[in-house]
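Novice:
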Amino acid sequence: MKALLKIVVFSLAVICGFAGYTTFGLPLIVPEAPPVEEKLGGDITMDQFIAVGEKIYNGKGTCTLCHNPVGGRAPLLEPVASVSMERIKDPRYKGKATNIEEYIRESMIDVSAMVVEGFGKKGSNDTISPMPDVSKGAIGLSEVEINAVIAFLQNTAGVEVTVPLPTGDEGAPADDAPEEIRVAENAAEAFAKFDCLSCHIVPGVEEGGDIGPDLTKMSSTAGKRVKGLSAEKYIVESILKPNDFIVEEFDADMMPDDYAGKMTVAEMNMIVDALAGKK
Ligand code: HEC
Ligand code: HEC
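In my numbering, the protein residues as written are 989 to 1267.
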């Protein structure tokens, strides 16, 4: 079964890769199967729970989209557990946390309770955080998943891991069969699948972030951005090579530059049509 799946995936990759090459001049391929959803039932050791947290941190949680050493638009989180108590004592702190665990949890959900200096939304004087509430929307981490990430961050900083292990009664992910490789069926799904919503407001989807520009006006601006590039071409370029043109008042190296290896041509087309205002 697995072998067959692999063959199918490989053929799809070849077909789509070729189509992508001809359509956009870049090989767009079908992504690898996403990792199997971690089982978070009982019978798990703290070391395993920390490892689950690390996976969520690097994967489903999309934390490293922003918390990475390249873009510099979000603080590095390796030391966050060691600075949490200082944050709570900061005069600008508005939250309710009294210990490290509570501070990290609050930072993930009530994101503006403390805005690390220099990292607030532009123009907000560090009072509003651009980070999305990771328990909601496209990221949607459960309470147990959030605990796993906290365990990982406490362990990484070398402080005591204080979160409880899951008991198995929390409603673990219902289905632990391998997820199929899901190709988005419409633009809204594609925006969610590729985490565009963590950073952008896009047409037709209510929730969105503002680390990147608002994309709801792209249909009128895209064609004027770069001389010689049509609206559609500009949008494709912006997604595949985000650093080739940097929108005024925004920074380079923030947007992921590896979408070419992850998107199918169909997904790219749906995104471009939605942004260019075409049906
Ligand atoms: C879209 C970008 C983005 C994503 C995705 C994101 N963050 Fe953040 N995060 C930020 C920014 C910007 C800040 C700094 C502003 C603030 O303090 O809220 C921040 C602050 C934090 C802080 C407080 C840091 C400190 O030094 O006090 C924690 C903890 C944190 N994030 C955890 C996470 C975790 C865990 C995830 C993934 C589940 C995540 N973030 C996903 C942008 C992001
Ligand atoms: C981690 C944050 C982040 C993610 C995720 C992200 N972007 Fe961006 N994006 C940015 C930033 C910051 C800019 C502005 C800087 C630049 O031009 O590269 C930008 C610029 C753009 C632009 C050019 C906008 C203009 O006004 O000219 C487009 C189009 C775009 N992104 C589309 C997307 C799409 C589609 C996705 C998902 C497939 C996506 N982005 C994912 C941060 C992000």
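In this text, a Cβ means the ideal position worked out from N, Cα and C, and glycines have one as well.
Return yes when the C-beta of residue 1231 is under 7 Å from any heavy atom of ligand 2, and no when it is not.
Specialist: Within the sequence shown, numbered from 1, the residue matching residue 1231 stands at position 243. Within the cutoff, so yes.
Novice: What number of angstroms, rounded off, separates the C-alpha of residue 1213 from the C-alpha of residue 1140?
Specialist: The residue given as residue 1213 occupies position 225 in the sequence shown. The residue given as residue 1140 occupies position 152 in the sequence shown. So the two alpha carbons sit approximately 42 Å from each other.
Novice: Decide yes or no for the touch test of the segment 1214–1234 against the segment 1142–1154: beta carbon pairs closer than 8 Å, at least 3 of them.
Specialist: Because the criterion of three Cβ pairs below 8 Å is not met, the segment 1214–1234 and the segment 1142–1154 do not touch.
Novice: Would you check whether ligand 2 has a heavy atom nearer than 7 Å to the C-beta of residue 1055?
Specialist: Indexing the sequence shown from 1 puts residue 1055 at position 67. Every heavy atom of ligand 2 is 7 Å or more from the Cβ of residue 1055, so no.
Novice: Ligand 2 and residue 1235: does the residue's C-beta get closer than 7 Å to at least one heavy atom of that ligand?
Specialist: Locating residue 1235 in the sequence shown gives position 247, counting from the first residue. Yes, Cβ of residue 1235 sits closer than 7 Å to a heavy atom of ligand 2.
Novice: Among the residues of its own chain, which have a CB less than 7 Å from the CB of residue 1196, if the five just before and after it don't count?
Specialist: Mapped onto the sequence shown, residue 1196 falls at position 208. Here the set comprises 1185, 1188, 1189, 1190.
Novice: Could you give the distance in angstroms between the alpha-carbon of residue 1096 and the alpha-carbon of residue 1120?
Specialist: Residue mapping note: residue 1096 aligns to position 108 of the sequence shown, counting from 1. Residue mapping note: residue 1120 aligns to position 132 of the sequence shown, counting from 1. Going from the Cα of residue 1096 to the Cα of residue 1120 covers about 8 Å.
Novice: Can the beta-carbon of residue 1032 be found less than 8 Å from the beta-carbon of residue 1230?
Specialist: As a working note, residue 1032 is residue 44 in the sequence shown. As a working note, residue 1230 is residue 242 in the sequence shown. No, the pair does not count as a contact, with Cβ atoms beyond the cut-off.
Novice: For residue 1234, I'd like the list of residues in its chain whose CB is within less than 7 Å of its CB, leaving aside the five on either flank, ordered along the chain.
Specialist: Counting from 1 along the sequence shown, the entry for residue 1234 is found at position 246. 1240.
Novice: In whole angstroms, what is the alpha-carbon distance linking residue 985 and residue 1098?
Specialist: Past the boundaries of the shown model lies residue 985; the chain is included only from 989 to 1267, so the question cannot be answered.
Novice: Do residue 1080 and residue 1091 come within 8 Å of each other at the CB atom, strictly closer than that value?
Specialist: Counting from one through the sequence shown, the residue named residue 1091 turns up at place 103. Counting from one through the sequence shown, the residue named residue 1080 turns up at place 92. With contacts defined as CB atoms closer than 8 Å, residue 1091 and residue 1080 fail to qualify as a contacting pair.
Novice: Between residue 1129 and the rest of its own chain, which residues show a CB-CB distance below 8 Å, the 5 nearest in sequence each way excluded?
Specialist: Residue 1129 sits at position 141 when you count from the first residue of the sequence shown. Counting only Cβ-Cβ distances below 8 Å, and skipping sequence neighbours, we find 1044, 1048, 1049, 1096, 1122, 1123, 1137.
Novice: Does ligand 2 have even one heavy atom less than 7 Å from the beta-carbon of residue 1060?
Specialist: Translated into positions along the sequence shown, residue 1060 becomes position 72. Not under cutoff, so the answer is no.
Novice: Between the alpha carbons of residue 1126 and residue 1182, how many angstroms are there, rounded?
Specialist: Along the sequence shown, read from residue 1 onward, the residue named residue 1126 stands at position 138. Along the sequence shown, read from residue 1 onward, the residue named residue 1182 stands at position 194. Looking at the two C-alpha atoms, the distance is approximately 10 Å.
Novice: Any heavy atom of ligand 4 closer than 7 Å to the beta-carbon of residue 1086?
Specialist: Only ligand 1 and ligand 2 can be found as ligands here, which leaves ligand 4 out of the picture.
Novice: Can you tell me which of 1258, 1199, 1227 puts its alpha carbon nearest to the alpha carbon of residue 1249?
Specialist: For this step, residue 1249 is matched to residue 261 along the sequence shown. Nearest of 1258, 1199, 1227 to residue 1249, Cα basis: 1227.
Novice: Among 1077, 1245, 1040, 1258, which residue has its Cα nearest to the Cα of residue 1192?
Specialist: In the sequence shown, the residue the question calls residue 1192 occupies position 204. Per the Cα distances, 1258.
Novice: Name the residue from 1093, 1265, 1041, 1221 whose alpha carbon lies nearest to the alpha carbon of residue 1282.
Specialist: Lying before the first or after the last residue shown, residue 1282 is absent from the chain, which here runs from 989 to 1267.
Novice: Given a threshold of 16 other Cβ atoms within 10 Å of its Cβ, counted over all protein chains shown, does residue 1046 qualify as buried or as exposed?
Specialist: Sequence index remark: in the sequence shown, residue 1046 carries index 58 (1-based). By the C-beta density criterion, residue 1046 is exposed, having fewer than 16 other C-beta atoms within 10 angstroms.
Novice: Under 6 Å Cβ to Cβ from residue 1245, same chain only, skipping five residues before and after it: list those, please.
Specialist: As a first step, residue 1245 must be located in the sequence shown, where it is residue number 257. So the qualifying residues of the chain are 1230.
Novice: Residue 1211 to residue 1175, Cα distance in whole Å?
Specialist: Start at 1 with the first residue of the sequence shown, and residue 1211 comes out as number 223. Start at 1 with the first residue of the sequence shown, and residue 1175 comes out as number 187. Residue 1211 and residue 1175 have their alpha carbons spaced roughly 20 Å apart.
Novice: Run the proximity test for residue 1258: is its beta-carbon closer than 7 Å to any non-hydrogen atom belonging to ligand 2?
Specialist: Counting from 1 along the sequence shown, the entry for residue 1258 is found at position 270. Not so, every heavy atom of ligand 2 lies at least 7 Å from the Cβ.
Novice: Tell me the rounded alpha-carbon separation between residue 1132 and residue 1094.
Specialist: Mapped onto the sequence shown, residue 1132 falls at position 144. Mapped onto the sequence shown, residue 1094 falls at position 106. Taking the straight line from one Cα to the other gives about 14 Å.
Novice: Pick from 1260, 1055, 1134: whose alpha carbon is nearest that of residue 1220?
Specialist: Sequence index remark: in the sequence shown, residue 1220 carries index 232 (1-based). Selected option, being the one with the closest Cα: 1260.
Novice: Counting only runs that start and end within the segment 1141–1217, where is the alpha helix (DSSP H) found for 4 or more residues in a row?
Specialist: 1175–1181, 1184–1187, 1206–1213
Novice: Taking 7 Å as the line, does the beta carbon of residue 1102 fall inside it for any heavy atom of ligand 2?
Specialist: For the purposes of this step, residue 1102 is taken as the residue at position 114 of the sequence shown. No.
Novice: Following the continuous alpha helix (DSSP H) through residue 1263, name the residue where it begins and the one where it ends.
Specialist: Residue numbering aside, residue 1263 sits at position 275 when the sequence shown is read from its first letter. Here the alpha helix (DSSP H) through residue 1263 covers 1253–1264.
Novice: Is residue 1206 near ligand 2, judged by its Cβ being under 7 Å from some heavy atom?
Specialist: For the purposes of this step, residue 1206 is taken as the residue at position 218 of the sequence shown. Checking the Cβ of residue 1206 against ligand 2 gives yes.
Novice: Taking buried to mean at least 16 other C-beta atoms within 10 Å of its own C-beta, is residue 1115 buried or exposed?
Specialist: Position 127 of the sequence shown holds residue 1115. Flag for residue 1115 reads exposed.
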